[in-house]
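Since the structure comes first, as structure tokens, the remarks are kept for the end.
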Amino acid sequence: SGSHTDIPRWCGKPYEAGSPNFEPGGRLEAPAPAASPLLHAQVQPRHSIYDSSEKEAQFIVDAEISRTHGQPLLDGIVSATVPGSIANASFEFEIREQETQQLLVSGQVPVGSHGNLVEANLASLEPRLAPYPIHLTATVRHGSRVATYTASNDLYFLPAKNNGSTVKIDNLNGGLIVANNATDYKFTSFLPFGFYTSCSGYLNYSLTNVTAYQNLGFNAINPVCAFTDGDLGFLFDWLDASNLWYQYDMRNSYRNLSSVAEQIPLVKDRSNLLTWYTADEPDGWQYALNSTKLAYDLLKREDPYHPTGLVLNCDNYYFEPYTSGTDFIMQDAYPVSIDPTFSRKFNTTCNETYGDCGCDNCIGSLRDVSTRLDTYAAYDDWLEAPHKPLWSVLQAFSGEFYWTRDPTPLETWVMMILSFNHNAKGMMSWLFPTSDVLHEAHGRMAKFVTRSPVNDFLL
1 SGSHTDIPRW CGKPYEAGSP NFEPGGRLEA PAPAASPLLH AQVQPRHSIY DSSEKEAQFI
61 VDAEISRTHG QPLLDGIVSA TVPGSIANAS FEFEIREQET QQLLVSGQVP VGSHGNLVEA
121 NLASLEPRLA PYPIHLTATV RHGSRVATYT ASNDLYFLPA KNNGSTVKID NLNGGLIVAN
181 NATDYKFTSF LPFGFYTSCS GYLNYSLTNV TAYQNLGFNA INPVCAFTDG DLGFLFDWLD
241 ASNLWYQYDM RNSYRNLSSV AEQIPLVKDR SNLLTWYTAD EPDGWQYALN STKLAYDLLK
301 REDPYHPTGL VLNCDNYYFE PYTSGTDFIM QDAYPVSIDP TFSRKFNTTC NETYGDCGCD
361 NCIGSLRDVS TRLDTYAAYD DWLEAPHKPL WSVLQAFSGE FYWTRDPTPL ETWVMMILSF
421 NHNAKGMMSW LFPTSDVLHE AHGRMAKFVT RSPVNDFLL
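Each residue of the sequence shown is one higher than the one before, starting from 1 at the first, in full-length UniProt numbering.
Structural data, given as structure tokens:
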């Protein structure tokens, strides 16, 4: 992706000494504000999926006032003289299943509100793997004038599983909700906390190592291997038997859709599959802009019971096309011990258009982690899309000339707290095994945040 594809680049930027400097492109810009207030109508299922064990669904209805997204608002609803003052006006709506025009729910919410929850009975729908298109139609009245607004989305209402796992996203708060044999197939909130983990250097050796990892306090793991690396059924059997939830990592194969299709049936009905993981820093590597969406669509069609995630490395490089292929977004800003302005690896400067210093457009502060989370959340706002949940991938390593030392335990805890304070809903750090002191630091926090009441608060 990007320009000058014949030149070695990262995040679209040339990074070798002697390479020309140019604008990388791919930058997402904030939308221009409208001259007058708009009403931004949105509808979204509260959960990314429902299944036939559930009799009711909830919808999130938004009727926000916006300067950048939506349709014109009737004159007089927003005060021209008192900022923020909104007239007492109602947003009266119906939500219908679009194929049959079956009414699912109707009601009203205040103009200017968001995050409103309304309940709908699912009895009129048959469980199926394909989503139901839903359509919201709303009217706003002010005096004798009437304006109409619309919004659309998809509702997944699946046949309930009695094997494997089912994992959904809470679209209101961003957390995961899981069900498997260990929960007696009852849905329970889940905050994933763990590491990307070496297979050849750790996991492949013994079930004892899986147990030791779990005993540190971790409830989730991303093995950096897949069935394309050989018959790893024994490894995933160990994880299932240990009730250790895992991301299935297809970083090396997700662009080969035939390979993805072959791997799906090997994994999708396992009891502790948490999420599919496709692209690892596709923006940094500048993979084809449609690559993540192609894999995502295949996974969603063949296995709608599990969400898909990926990690982005760049500050602002083709965010929209890459994140069109994911249900949640992971960030991996690694700021500890970098030189943010000069690349020790390539002996070049680093700025917004040139160089690779190990952390794109960072300042070498622990706050680079929270800034990246806030930045990605802002991009979702700019794109007129509901926020996708955010996870942090934290630095637990050093080397490669960029990073002169490991984070300390205190720095590690600060990055974790910053992540949670800035709405991260999962933690998956790079890379296990690391130092014993960092094993302990991560494990102490994991034991704290993955249990009630802390996880209840965070989710």
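All C-beta atoms, glycine included, are put in the ideal place defined by N, C-alpha and C.
Source: prediction; values computed, not measured.
(1) Give me, in chain order, the residues of the same chain whose beta-carbon lies closer than 7 Å to that of S113; leave out the 5 immediate sequence neighbours on both sides.
(2) Am I right that S370 and H442 are in contact with their C-beta atoms under 8 Å? What's the rounded C-beta distance?
(3) Using 6 Å as the cut-off, classify the Cβ of L294 as near or not near the heavy atoms of the ligand MG, replying yes or no.
(4) What would DSSP say about F234, mapped onto helix, strand or coil?
(5) Per DSSP, which residues does residue 461 bridge with? Please list them.
(6) Is the beta carbon of T450 sitting closer than 7 Å to the one on F193?
(7) Residue range of the alpha helix (DSSP H) that E302 falls in?
(8) What first and last residue would you give for the beta strand (DSSP E) that runs through D62?
(9) Tell me the DSSP secondary structure of M250 in three-state form.
(10) Given E29, which residues of its chain have a CB within under 8 Å of its CB, disregarding the five upstream and five downstream residues?
(11) Write down the C-beta distance between D356 and C362 rounded to the nearest angstrom, noting that I regard them as a contact closer than 8 Å.
(12) Output needed for D240: all residues of its chain with C-beta closer than 6 Å, excluding positions within five of it in sequence on either side, in chain order.
(13) Grouping DSSP H, G and I as helix and E and B as strand, with all else coil, what is P282?
(14) Taking the alpha-carbon positions, what's the L289 to Y322 distance?
(15) Just mark F319 as buried or exposed, buried being the case when its beta carbon has 16 or more other beta carbons within 10 Å.
(16) In chain order, what residues of the same chain have a beta carbon less than 6 Å from the beta carbon of L125, not counting five sequence neighbours either side?
(17) If I measure Cβ to Cβ from Q102 and keep anything under 7 Å in the same chain, skipping five residues before and after, which residues do I get?
(18) For A333 versus D368, is the C-beta spacing smaller than 7 Å?
(19) Could you pull the start and end residues of the beta strand (DSSP E) that E119 belongs to?
(20) To the nearest angstrom, how far is the alpha carbon of T228 from that of P433?
(21) Whole angstroms is fine: what's the gap from residue 462's alpha carbon to T197's?
(22) So, using beta-carbon positions, are Q214 and L172 closer together than 7 Å?
(23) Helix, strand or coil: which one does DSSP assign to F420?
(24) Flag this pair as yes or no: are the beta carbons of Y254 and A279 separated by less than 7 Å?
(25) Tell me whether E94 sits in a helix, a strand or coil according to DSSP, three-state version.
(26) What's the C-alpha gap between F420 and V437?
(27) Taking the straight line between their C-alpha atoms, what separation do you get for P8 and Y185?
(28) Only counting the same chain, and skipping five residues up and downstream in sequence, which positions put a Cβ closer than 6 Å to that of V414?
(29) How close, in whole Å, do the beta carbons of D327 and S48 come, if the pair is a contact with beta carbons under 8 Å?
(30) Mind checking whether G175 and L410 have CB atoms under 7 Å apart?
(31) Just how far apart, CA to CA, sit L257 and E281?
(32) Is the CB-CB distance between G18 and S3 below 7 Å?
(33) Could you tell me the alpha carbon to alpha carbon distance between S144 and I77, rounded to whole angstroms?
(34) For K168, write down the residues that DSSP places opposite it in a beta bridge.
(35) Using the three-state DSSP reduction, which class does A241 fall into: helix, strand or coil?
(36) Along the chain, where does the beta strand (DSSP E) containing G194 start, and where does it finish?
Quick look at the numbers:
(1) As a working mapping, residue 113 is identified with position 113 in the sequence shown. In its chain, beyond the 5 residues on either side, A63 have a beta carbon closer than 7 Å to the beta carbon of S113.
(2) Taking the sequence shown and counting its residues from 1, one reaches residue 370 at position 370. Taking the sequence shown and counting its residues from 1, one reaches residue 442 at position 442. Contact flag wrong, Cβ pair sits at about 18 Å.
(3) This structure lacks the ligand MG, and indeed carries no ligand of any kind.
(4) Within the sequence shown, residue 234 is the residue found at index 234, counting from 1. DSSP places F234 in the helix class (H, G or I) of the three-state scheme.
(5) Nothing about residue 461 can be read from this structure; the chain reaches only from 1 to 459.
(6) Working through the sequence shown from its first residue, we reach residue 450 at position 450. Working through the sequence shown from its first residue, we reach residue 193 at position 193. Yes, the pair counts as a contact, with Cβ atoms nearer than the cut-off.
(7) Position 302 of the sequence shown holds residue 302. The continuous alpha helix (DSSP H) containing E302 extends over residues 291-302.
(8) Along the sequence shown, one-based indexing puts residue 62 at 62. Counting along the chain, the beta strand (DSSP E) containing D62 begins and ends at 56-66.
(9) For the purposes of this step, residue 250 is identified with residue 250 of the sequence shown, where counting begins at 1. Correct three-state label for M250: coil.
(10) Translated into positions along the sequence shown, residue 29 becomes position 29. Taken in chain order, the residues that qualify are W382.
(11) Against the sequence shown, residue 356 aligns to sequence position 356. Against the sequence shown, residue 362 aligns to sequence position 362. D356 to C362, Cβ: 11 Å. No contact.
(12) Residue mapping note: residue 240 aligns to position 240 of the sequence shown, counting from 1. For D240, the CB contacts under 6 Å within the same chain, skipping 5 residues up- and downstream, are R270, S271, N272 in chain order.
(13) To locate residue 282, count along the sequence shown from 1; it is residue 282. When DSSP states are grouped into helix, strand and coil, P282 belongs to the helix group.
(14) Translated into the one-based positions of the sequence shown, residue 289 becomes position 289. Translated into the one-based positions of the sequence shown, residue 322 becomes position 322. So the two alpha carbons sit approximately 6 Å from each other.
(15) The residue you call residue 319 lines up with position 319 of the sequence shown. With at least 16 other beta carbons inside 10 angstroms of its own, F319 counts as buried.
(16) Indexing the sequence shown from 1 puts residue 125 at position 125. Excluding sequence neighbours, L125 sits near F157.
(17) The count along the sequence shown starts at 1 and reaches residue 102 at position 102. Excluding sequence neighbours, Q102 sits near R96, S124.
(18) Within the sequence shown, the letter at position 333 stands for residue 333. Within the sequence shown, the letter at position 368 stands for residue 368. A333 places its beta carbon less than 7 Å from that of D368.
(19) Here residue 119 refers to the residue found at position 119 of the sequence shown. 113-121 is the span of the beta strand (DSSP E), which, as asked, contains E119.
(20) The sequence position of residue 228 within the sequence shown is 228, counting from 1. The sequence position of residue 433 within the sequence shown is 433, counting from 1. So the alpha carbons of these two residues sit roughly 22 Å apart.
(21) Absent from the model: residue 462. The displayed extent of the chain is 1 to 459, so no value can be given.
(22) Numbered from its first residue, the sequence shown carries residue 214 at position 214. Numbered from its first residue, the sequence shown carries residue 172 at position 172. The Cβ-Cβ distance between Q214 and L172 does not fall below 7 Å.
(23) In the sequence shown, the residue the question calls residue 420 occupies position 420. In the structure shown, F420 sits in a helix (DSSP, three-state: H, G or I).
(24) For the purposes of this step, residue 254 is identified with residue 254 of the sequence shown, where counting begins at 1. For the purposes of this step, residue 279 is identified with residue 279 of the sequence shown, where counting begins at 1. Between Y254 and A279, the C-beta gap is smaller than 7 Å, which places the two residues in contact.
(25) Here residue 94 refers to the residue found at position 94 of the sequence shown. Strand.
(26) Reading the sequence shown from its first residue, position 420 is the one you call residue 420. Reading the sequence shown from its first residue, position 437 is the one you call residue 437. Spanning the two alpha carbons is a distance of roughly 22 Å.
(27) Within the sequence shown, numbered from 1, the residue matching residue 8 stands at position 8. Within the sequence shown, numbered from 1, the residue matching residue 185 stands at position 185. Cα atoms of P8 and Y185: separation of roughly 49 Å, rounded to the nearest angstrom.
(28) Taking the first residue of the sequence shown as 1, we reach residue 414 at position 414. Closer than 6 Å at Cβ, skipping near neighbours: L366.
(29) To locate residue 327, count along the sequence shown from 1; it is residue 327. To locate residue 48, count along the sequence shown from 1; it is residue 48. D327 to S48, Cβ: 7 Å. Contact.
(30) Counting from 1 along the sequence shown, the entry for residue 175 is found at position 175. Counting from 1 along the sequence shown, the entry for residue 410 is found at position 410. Going by C-beta atoms, G175 is not nearer than 7 Å to L410.
(31) Position 257 of the sequence shown, counted from the start, is the residue given in the question as residue 257. Position 281 of the sequence shown, counted from the start, is the residue given in the question as residue 281. Between L257 and E281, the alpha-carbon positions lie close to 18 Å from each other.
(32) Taking the sequence shown and counting its residues from 1, one reaches residue 18 at position 18. Taking the sequence shown and counting its residues from 1, one reaches residue 3 at position 3. Not a contact, by the Cβ cut-off of 7 Å.
(33) Here residue 144 refers to the residue found at position 144 of the sequence shown. Here residue 77 refers to the residue found at position 77 of the sequence shown. For S144 and I77, the distance between alpha carbons rounds to 13 Å.
(34) Here residue 168 is taken as the residue at index 168 of the sequence shown, counted from 1. K168 pairs with I177.
(35) Position 241 of the sequence shown, counted from the start, is the residue given in the question as residue 241. The three-state reading of DSSP puts A241 in helix, counting H, G and I together.
(36) Reading the sequence shown from its first residue, position 194 is the one you call residue 194. Start and end: 193-197.
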